[in-house]
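Below is one structure, written out as structure tokens; the observations come after it.
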Amino acid sequence: MGQMTFDFEAEDNTPEKPQIEAEKVKKSDKNDNKETLSEPKKEEETDKNKIEEKHQVKDKVVKKERKKKNKGKTKAHQLAKEQRDIPVSEFFEQNRHILGFDNPTHSLITAVKEGVDNSLDACEQAGFLPELKIEIGNLGKDELSIAIEDNGPGIVEENVPNVFGRLLYGSRFGSGKQSRGQQGIGISAAIMYGQLTTGRSAIISTRISKEHLANRITMKLDTRNNRGNIERTEDFVWKNDAGEPDEDGIYPEKYHGTRVEFAIKGRYREARPSVLEYLKSTAIVNPHAKIIFTNPDDKVFLFERGSHVLPELPTEGVKPHPHGVELGQLMRMAHHSSQHQMGAFLRKDFSSMGTKSINDVLKKARLTALVRPQDTTRIEAKKLIEAFKTTSIRTPTSGVLVPIGPKLIKLGLKQVLEEYRPDFYTLPISRTPSVFSGTPFLVEVGMVYGGNLPKDQPVQVLRFANRVPLLYQAGGCAITKAIQSINWRLYGLEQKKGKGTPSGPAIILVHVASTNIPFTSEAKEAIADIEEIKKEIKLALRNNAKTLSKHLKKQKKRAKVSEKFDLVQKVLPAIAEKASSVVGKPVPNLDKIVAAIMDVVWIEEKIEFEKEEIKIEVKIINYRLKSANFKLRIVVPGHEITEGMPRPGKREGSHAIWSVGLPTTESATYKFVIPQGTRGNFEGMEMWVEGIDSTNIIGAEKWTGIVDPGIDEALEAEKQGLA
117 MGQMTFDFEA EDNTPEKPQI EAEKVKKSDK NDNKETLSEP KKEEETDKNK
167 IEEKHQVKDK VVKKERKKKN KGKTKAHQLA KEQRDIPVSE FFEQNRHILG
217 FDNPTHSLIT AVKEGVDNSL DACEQAGFLP ELKIEIGNLG KDELSIAIED
267 NGPGIVEENV PNVFGRLLYG SRFGSGKQSR GQQGIGISAA IMYGQLTTGR
317 SAIISTRISK EHLANRITMK LDTRNNRGNI ERTEDFVWKN DAGEPDEDGI
367 YPEKYHGTRV EFAIKGRYRE ARPSVLEYLK STAIVNPHAK IIFTNPDDKV
417 FLFERGSHVL PELPTEGVKP HPHGVELGQL MRMAHHSSQH QMGAFLRKDF
467 SSMGTKSIND VLKKARLTAL VRPQDTTRIE AKKLIEAFKT TSIRTPTSGV
517 LVPIGPKLIK LGLKQVLEEY RPDFYTLPIS RTPSVFSGTP FLVEVGMVYG
567 GNLPKDQPVQ VLRFANRVPL LYQAGGCAIT KAIQSINWRL YGLEQKKGKG
617 TPSGPAIILV HVASTNIPFT SEAKEAIADI EEIKKEIKLA LRNNAKTLSK
667 HLKKQKKRAK VSEKFDLVQK VLPAIAEKAS SVVGKPVPNL DKIVAAIMDV
717 VWIEEKIEFE KEEIKIEVKI INYRLKSANF KLRIVVPGHE ITEGMPRPGK
767 REGSHAIWSV GLPTTESATY KFVIPQGTRG NFEGMEMWVE GIDSTNIIGA
817 EKWTGIVDPG IDEALEAEKQ GLA
């Protein structure tokens, strides 16, 4: 029989244990007595010693039990009774500032933002072009009503209390897919804040198909239990007032969509930051959406749909990338993997891992492909992490991310910023995907310059994450820090000491897309200062700034020549007239003298936007002492040049080419039409010259045989992952 041992320190907190041990000792005594009868005499002494030891143990147990009974309740016991689980909704109710509900203006913007984000995500996932209506009304005493309606797929009636009444409830957290919402907090938190500040219930109207009735549900949040409590539910006929009424003035029914109505304590204003600014910015990066906004004064703002193409959403989420995975994350993944061999684990549970990469990693980590991932030790996991770092592994596929794309960024900027009449739009940049902490992301940048934009103020920065505007906490955002770290004086913008936000008539748009945006807080208002993200933003900014710099240099050169020409045109005739009156002779022709001073060929364009076409006129003046003979090449990206007068002598793809021959001081005009062209879809015009020294040309570039990527080429490159 084996000897029994006792750990008194370990059992000290269990009051029933001593009795159990004492009973065990009694049973042992009986068994020992039986055994001693059959044992040889030489073992009797040993057995007696064992029995004595067990009695001593029993005495100790009894003494310990008596001592324990005499102990009183300690402070720790009292504190233990006070400790409890804290419901997440109750926590956020008392810490609502974390979610962006910290002041009346901010709270209103946050509430609208959460509702709009939900609606856009729902419409896109269901394959509907979004049509959103946002209405804000006055209820008095700083109370505002908010209504957000969409044409999405609707919500099943039983699920409404969960979607709108529970925090940390949703389908997108950890899905590995790019979306606006991630945490399952947003709209429920907005309703919670409204209930907290006004005491009013929320009303949700929803319909899922033509075959189902529309439901109207009145509900409140139970923050103690993190659930929605339905107060009333009813069926109703939902009329679509956005549709066309019939001859009797009756509107058609609305067959699918959701409308959420609630009240909050808030303040509406149109100065930045504001709900209007948020919706304007949303329209820029979501040109496929139609947004109708009615403010508390019943003024309606319409942001028309500029594109009828929905973003192509990925069907599957992305798996972690080896270059960004952490040690603890790797160990968790290995221990919970459904794969039974290390090679299969690396292939199936990670992205971008092919046969060569797997073999290289296993060789460097000194592991075999057949070892079980569930048996991975901490040392082996560390070796795998080091092997990941030193192995060349392809970047995540762009298929899991949803970029806006150069064409739509430019289209969105043009539609919304038309009031500023900018002179120049850069060709937006879409970087190839990169990775941080195992998560893929990409950066897009676009810039606007000139027009009515203020010249003596800092440039306006438009920050976006997964197509959502970021209006607050700019100082702590990786986008702002990346912009401020660039010397913008190299690119033609003013900047004190080459640091900080540049100044000038410009707008900089930066969009970060990822399956998991690393926000600085649950309010989702700034992107964390992660080095990999900041590096990609700076690369995209510098690439885009080169285009702006090129434009500004051209503009500066043209302005300098224009100033010189104006001076010559004013001074020379005055001198000639004065001299002629002195000598009594007629004023001579000054054209050749002007040409000798200027020594340039001047090219300028005039653009007129009419109803369904664009008329363009290009005028060329030869301010040189010799004839100008060259070829003029013109392209309008995305459009065909028609009705040319004179007709182009040659065409190469979308390029129209004219042969120009101008004697000194002569001029010529070339006219053409862009059918179905509008201010919104006009991407600018490019002009090149060949067969003449380009240093003597103002208004066109030298033709090198290589086209700068136009908007169509950039879009194609983006699809192939080359942009």
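Per the numbering used here, the sequence shown starts with residue 117, numbered consecutively.
Ideal placement from N, C-alpha and C gives every residue a C-beta, glycine not left out.
Only a predicted model underlies this, so the values are computations on that prediction, with no experimental measurement involved.
So the candidates are the options; which of them puts its Cα closest to the Cα of residue i?
i, options, result
"PRO220", "LYS197, GLU198, THR314, LYS676", "THR314"
"VAL677", "LYS694, VAL710, GLU247, ILE691", "VAL710"
"ASP572", "GLN531, GLN611, ARG583, PRO556", "GLN611"
"SER619", "PRO574, GLU273, GLN600", "PRO574"
"SER261", "GLU721, VAL376, LYS670", "VAL376"
"LEU524", "LYS435, VAL425, MET469", "VAL425"
"PHE417", "LEU392, ALA192, LEU606, LYS381", "LEU392"
"LYS480", "THR493, ARG605, GLY310, ALA503", "ALA503"
"GLU641", "ILE400, LYS651, VAL628, ILE653", "VAL628"
"ALA263", "VAL272, ILE495, LYS229", "LYS229"
"PHE635", "VAL353, ARG579, ASN475", "ARG579"
"PRO427", "THR349, SER397, ARG296", "ARG296"
"GLU817", "LYS747, THR781, SER783", "LYS747"
"GLU652", "TYR384, GLY821, ASP413, LEU558", "LEU558"
"LEU483", "VAL232, ASP645, VAL434, MET458", "MET458"
"GLN712", "ASN582, LEU688, LYS722", "Reading off the sequence shown, one finds Ala at residue 712, where the question assumed Gln. Measuring from the Cα of ALA712, the nearest candidate turns out to be LEU688."
Taking the beta carbon of residue i as the centre, do at least 16 other beta carbons fall within 10 Å, making it buried, or is it exposed?
i, result
"LEU337", "buried"
"ILE602", "buried"
"GLY807", "exposed"
"HIS452", "exposed"
"GLU799", "buried"
"GLY310", "buried"
"LEU443", "exposed"
"MET761", "exposed"
"ASP491", "exposed"
"ASN745", "exposed"
"THR631", "buried"
"SER783", "exposed"
"VAL141", "Residue placement at VAL141 is poorly supported in this model, since its pLDDT is 46, which falls under 50; the coordinates still yield a value, given next. Buried, since its Cβ has 16 or more Cβ neighbours within 10 Å."
"GLU369", "exposed"
"PRO156", "For PRO156, the pLDDT reaches just 48, beneath the cut-off of 50, and the residue's location in the model is therefore unreliable, although a value from the coordinates is still provided. Counting Cβ neighbours within 10 Å, PRO156 comes out exposed, since fewer than 16 surround it."
"LEU352", "First, the amino acid is wrong: residue 352 is Phe here, not Leu. Under this definition PHE352 is an exposed residue."
Ignore the nearest five residues each way along the sequence and tell me which others in residue i's own chain have a CB closer than 8 angstroms to its CB.
i, result
"LYS150", "Caution applies to LYS150, whose pLDDT of 46 falls short of 50 and renders its modelled position unreliable; the value that the coordinates give is listed next. Once the five neighbours on either side are set aside, LYS150 has no close Cβ partner at all."
"ARG795", "LYS530, GLU534, PHE725"
"GLU756", "SER770, ILE790, PRO791"
"LYS526", "TYR541, LEU543, PRO544, GLY562, GLU799, ILE827"
"ALA379", "LEU255, GLU259, LEU260, SER261, ILE262, GLY310, THR314, ARG316"
"LYS498", "LEU443"
Which residues in the same chain have their Cβ closer than 6 angstroms to the Cβ of residue i, if we skip the five residues on either side of it in sequence?
i, result
"LYS249", "GLU265, ILE408"
"VAL276", "ILE320, ILE333"
"GLY815", "ILE719, GLU720"
Between which residues of its own chain and residue i is the CB-CB distance below 7 angstroms, once the five residues before and five after are set aside?
i, result
"GLU347", "SER317, THR334, MET335, LYS336"
"GLU693", "VAL703"
"GLY614", "ASN603, ARG605"
"VAL434", "GLY292, SER467, PRO512, VAL516, PRO556, THR631"
"SER154", "With a pLDDT of only 47 at SER154, under 50, the local geometry of the prediction cannot be trusted, and the value read off the model is given with reservation. Around SER154: no qualifying Cβ."
"GLY422", "PRO403, LEU527, GLY528, GLN531, GLY796"
Assuming residue i contacts residue j (C-beta within less than 8 angstroms), just tell me the rounded distance between them.
i, j, result
"GLY344", "ASN278", "7 angstroms"
"VAL487", "PRO512", "Rounded, the Cβ-Cβ distance is 26 angstroms, inconsistent with contact."
"PHE702", "ASN738", "With the sequence shown as reference, residue 702 is identified as Pro, and Phe is not the correct amino acid for it. Actually they are not in contact, since the Cβ atoms of PRO702 and ASN738 sit about 25 angstroms apart, beyond 8 angstroms."
"PHE461", "PRO489", "4 angstroms"
"GLU733", "LYS673", "Their Cβ separation, rounded to whole angstroms, is 22 angstroms, which puts GLU733 and LYS673 out of contact at 8 angstroms."
"PRO246", "LYS406", "7 angstroms"
"LYS597", "LYS666", "With a Cβ gap of about 26 angstroms, LYS597 and LYS666 do not count as contacting."
"ASN659", "ILE545", "5 angstroms"
"PRO389", "ILE225", "6 angstroms"
"GLY754", "ASN797", "7 angstroms"
Shorter than 7 angstroms from the beta carbon of residue i to some beta carbon of chain B?
i, result
"GLU259", "As a matter of chain content, chain B is missing from the structure shown, which is built from one protein chain."
Segments of 3+ residues assigned as beta strand (DSSP E) that fall wholly inside the region 525–583: 550–552, 555–565, 576–581
Restricting to runs no shorter than 4 residues, where is the alpha helix (DSSP H) found entirely within the region 376–445? 391–401
If we require 4 or more residues per run, which alpha helix (DSSP H) segments fall completely within the region 735–759? Complete alpha helix (DSSP H) runs here, min 4: none at all.
Please specify which runs of the beta strand (DSSP E), each continuous and at least 3 residues long, are wholly inside the region 603–669, giving them in chain order. 622–630
Which ranges does the beta strand (DSSP E) cover as unbroken runs of at least 3 residues, wholly within the region 329–370, from first to last along the chain? 330–338, 343–352
What are the complete beta strand (DSSP E) segments, minimum 3 residues, inside the region 233–291? 247–256, 259–266
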